[in-house]
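Residue numbers (UniProt numbering), protein chains in the order written: chain X, 1 to 342; chain P, 1 to 342. We put the CB at the ideal spot given by N, CA and C, even for glycine. This report concerns only the one structure given below.
2 protein chains.
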Amino acid sequence: MAPPKSRVTIKDVAVAAGVSPTTVSDIVNAKGRVDPETRARVLKVVADLGWRPLRSARGLRTGRRGIIALCLPRRPRSGDSWVLTSDYDMRLTIGAVSAAMDQGQLLLMAPTPANDEDVARLEVDGVVLVDPEEGDLSRIALRRNGMPVVTVDRELGSDDPWWVGVDNKAAVSNMLDHLREQGARRVAMLTADSPWAWFEDTQAAYASWCARHGFEKLTALVERANPESTAAAASTVMLSSDAPPDAVITDVYGAALGVLRAARDLRLRIPQDLMIGSAVDGHVLETASPPITALDLQPMDVARAAVLLLERRINGDDNPAPIIVGEGYLRIRTSTQRRDGR
Amino acid sequence: MAPPKSRVTIKDVAVAAGVSPTTVSDIVNAKGRVDPETRARVLKVVADLGWRPLRSARGLRTGRRGIIALCLPRRPRSGDSWVLTSDYDMRLTIGAVSAAMDQGQLLLMAPTPANDEDVARLEVDGVVLVDPEEGDLSRIALRRNGMPVVTVDRELGSDDPWWVGVDNKAAVSNMLDHLREQGARRVAMLTADSPWAWFEDTQAAYASWCARHGFEKLTALVERANPESTAAAASTVMLSSDAPPDAVITDVYGAALGVLRAARDLRLRIPQDLMIGSAVDGHVLETASPPITALDLQPMDVARAAVLLLERRINGDDNPAPIIVGEGYLRIRTSTQRRDGR
DNA sequence: TTGAAAGCGTTACCAA
DNA sequence: TTGGTAACGCTTTCAA
């Protein structure tokens, strides 16, 4: 008896199928120059022997690594590191991992690279960069090192077409329509002052929607690092004024809970006296009492599209175009259901 | 002019340093058979040229991939997938990524493999398996395929010594001591009925602590899938009884908020009428009102230790021993500060 | 203490 | 439509 082979190689497959390794390789890589009959025979042997191409060997030859990185931004609450602090980031991660696996790629979660050294250490074929800020330094480092990048949401002030996102403006507009339909006549917005496309879009959507419907604009700022308490404070001021809003929306994750607290302290009933909507969904909004209406920004869809687009970019596709995945889904919950549901 | 080299290789380094590739390799791999002078010279060239060994090439030769996987369990709330739903998992992830990077490894987040095929597709050198349940199927699949595994927390009913964790019993005991010190005389526990070492340990610690101090045991179960509402219901029953507890601890993530809600509905003051402690910390407990005392189970330390232990196991170390990282840290917050702080 | 040569498993290139 | 051969960058083995 021969000593047991430690691993099935392409050579074993070739011998067993009576073809050359080249042919096997061409078949599994869909090079399309094979006789269907040969193809079927080889694929059967592949399955029987349970062979899978070795990533390292393939990578050595092709120069690819079979790994892409998902770089999440440092969110305000994440403290000492890049982290998954929000449901949005979590679902983004899930979507990216599953899409990558479908492509036969591995997905590496990594801190956003700060310099060339970080980029070199990354050792991946490409990067999905989430929520780049205006003039994003990591993106500059990535570009300088020739690393293919696709961003989730566009970078403010950049015309790079390699990005994926939802139609932020349409999404916010839909939410405002819903509030109006439920009887809101004075809608305030709690937002933040940050160099991100997201905030620009939501603010623009709010402004144009107000103009369109003859609503007064009523805006206040919250700190992203401290959304709940600053939102509570800002809401208290607004709601105690002579002409208080009858609905508040916010585009800052976590701020809606602050509005809720302020309303409760002022003995306002929700949704009768005040409706609340969040432009970013999350589990806490679902379990809040009452549950808060929110926009599901389709993070899993966005992540999947980003991974696929990145794959195209890595493979040298030079026909880029932003991909708008959808308009988000409005998750209508008690906080804005003033009338009976249909 | 020669065409630009696409990548610096070990050969380039060797030529520039006037040695052979073998020598360079031996130096960067600390084989220790080199003249210190040669060594210094070579290392300088390595730095100057910015060379880094290519993972695929090295892997092809050594059979290693330079990647380890972190497999998180399907938490109750995670729905359709393995996810980071808790602060604990998030911090575990951060710790693992950073420890892996320090080891020159990449860390891959992956769903827990369900069968042999999944294990094969994983293509990693080893796996850190978080919170294996009793008779864990994925661990069996991993073992059958010869995949090195280290678990975070031990598997109930298994005597596999390759695990890392904190001293759960000591941690819970410390929390109970603190409550007693603050005046608690009747401490209830909200726990769950699941085949995990964690629950066994916390329940055992609670039981023996009660016996030791002559406290009556007062236990209720909550559903892990629905911790907040089931905890609220169970607490309401307990707190409305003839002999209500004056303190409640729970080892289920999210349950403490339910206790809080029940107490609020019953107009109990916290901590004066009721103290609340959670055996798992999380951001929501910090921002609850009042903030809730909790155990920090040192997830980052645990993850780091797990990665290092896994590395040892992969490298053939056969001198295993469970690693107890610590006793957790008791984060004392308002919910249990009945007396003035020291 | 060092180096030459032989691979590791795969794919690219060119010839048949 | 196929196959032979060389090469990817590194480590290992063995000889000097």
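CB contact check: residue i to chain P, cutoff 8 Å
i, result
"residue 331/X", "no"
"residue 316/X", "no"
"residue 285/X", "no"
"residue 228/X", "yes"
"residue 291/X", "no"
"residue 108/X", "yes"
"residue 97/X", "yes"
"residue 279/X", "no"
"residue 60/X", "yes"
"residue 224/X", "no"
"residue 420/X", "It is not possible to answer for residue 420/X, since the shown part of chain X is limited to 1 through 342."
"residue 123/X", "yes"
"residue 335/X", "no"
Spatial neighbours of residue i in its chain, beta-carbon cut-off 8 Å, leaving aside the 5 residues before and after
i, result
"residue 194/X", "133, 224"
"residue 64/X", "58, 125, 314"
"residue 400/P", "Lying before the first or after the last residue shown, residue 400/P is absent from chain P, which here runs from 1 to 342."
CB-CB length for residue i against residue j, believed under 8 Å
i, j, result
"residue 415/X", "residue 178/X", "This structure cannot settle anything about residue 415/X, because the visible part of chain X is limited to 1 through 342."
"residue 189/P", "residue 219/P", "5 Å"
"residue 299/X", "residue 95/X", "6 Å"
"residue 149/X", "residue 302/X", "Residue 149/X to residue 302/X, Cβ: 15 Å. No contact."
"residue 251/X", "residue 191/X", "5 Å"
"residue 109/X", "residue 97/P", "6 Å"
"residue 309/X", "residue 323/X", "6 Å"
"residue 103/X", "residue 311/X", "6 Å"
"residue 180/X", "residue 246/X", "No, residue 180/X and residue 246/X are not in contact; Cβ-Cβ is about 11 Å, not under 8 Å."
"residue 207/P", "residue 249/P", "Between residue 249/P and residue 207/P the Cβ distance is about 13 Å, and since that is not below 8 Å, they are no contact."
"residue 114/X", "residue 138/X", "6 Å"
"residue 49/X", "residue 8/X", "5 Å"
Exposure label - residue i; buried when at least 16 CB within 10 Å
i, result
"residue 315/X", "exposed"
"residue 146/P", "exposed"
"residue 83/P", "Any reading at residue 83/P must be qualified, since the residue scores a pLDDT of 48, below 50, and its modelled position is unreliable; the value itself is stated next. With 16 or more Cβ atoms within 10 Å of its Cβ, residue 83/P is classed as buried."
"residue 37/P", "exposed"
"residue 319/X", "exposed"
"residue 297/P", "buried"
"residue 360/P", "As shown, chain P starts at 1 and ends at 342. That puts residue 360/P outside it, with no answer to give."
"residue 168/P", "buried"
"residue 69/X", "buried"
"residue 105/X", "buried"
"residue 18/X", "exposed"
"residue 22/P", "exposed"
"residue 154/P", "buried"
"residue 93/X", "buried"
"residue 112/X", "buried"
"residue 13/X", "buried"
"residue 321/X", "exposed"
Nearest residue (CA-CA) to residue i, options the options
i, options, result
"residue 291/X", "182/X, 257/X, 209/X, 321/X", "257/X"
"residue 274/P", "334/P, 119/P, 151/P, 198/P", "334/P"
"residue 221/P", "214/P, 229/P, 215/P", "229/P"
"residue 43/P", "29/P, 54/P, 170/P, 56/P", "29/P"
"residue 226/P", "254/P, 205/P, 248/P", "254/P"
"residue 121/P", "67/P, 161/P, 135/P", "67/P"
"residue 283/X", "262/X, 90/X, 243/X", "90/X"
"residue 264/X", "279/X, 280/X, 240/X, 278/X", "240/X"
"residue 307/P", "71/P, 337/P, 128/P", "128/P"
"residue 269/P", "7/P, 338/P, 51/P", "338/P"
"residue 100/X", "305/X, 317/X, 332/X", "305/X"
"residue 116/X", "71/X, 143/X, 11/X", "143/X"
"residue 135/X", "119/X, 196/X, 118/X, 243/X", "196/X"
Contacts around residue i, its chain only, beta-carbon distance under 7 Å, and the 5 residues preceding and following it disregarded
i, result
"residue 358/X", "In the structure as shown, chain X starts at 1 and stops at 342, and residue 358/X therefore has no counterpart that could be examined."
"residue 41/X", "17"
"residue 262/P", "232, 235, 236, 239"
"residue 203/X", "191"
"residue 200/P", "156"
Chain X contact for residue i (CB, 8 Å cutoff)
i, result
"residue 32/P", "no"
"residue 154/P", "no"
"residue 267/P", "no"
"residue 184/P", "no"
"residue 65/P", "yes"
Spatial neighbours of residue i in its chain, beta-carbon cut-off 6 Å, leaving aside the 5 residues before and after
i, result
"residue 349/P", "The structure shown has nothing for residue 349/P, since chain P only spans 1 to 342."
"residue 332/P", "293"
heavy atom of the ligand ADP below 7 Å from residue i C-beta
i, result
"residue 8/X", "The ligand ADP is absent from the structure shown, which contains no ligand whatsoever."
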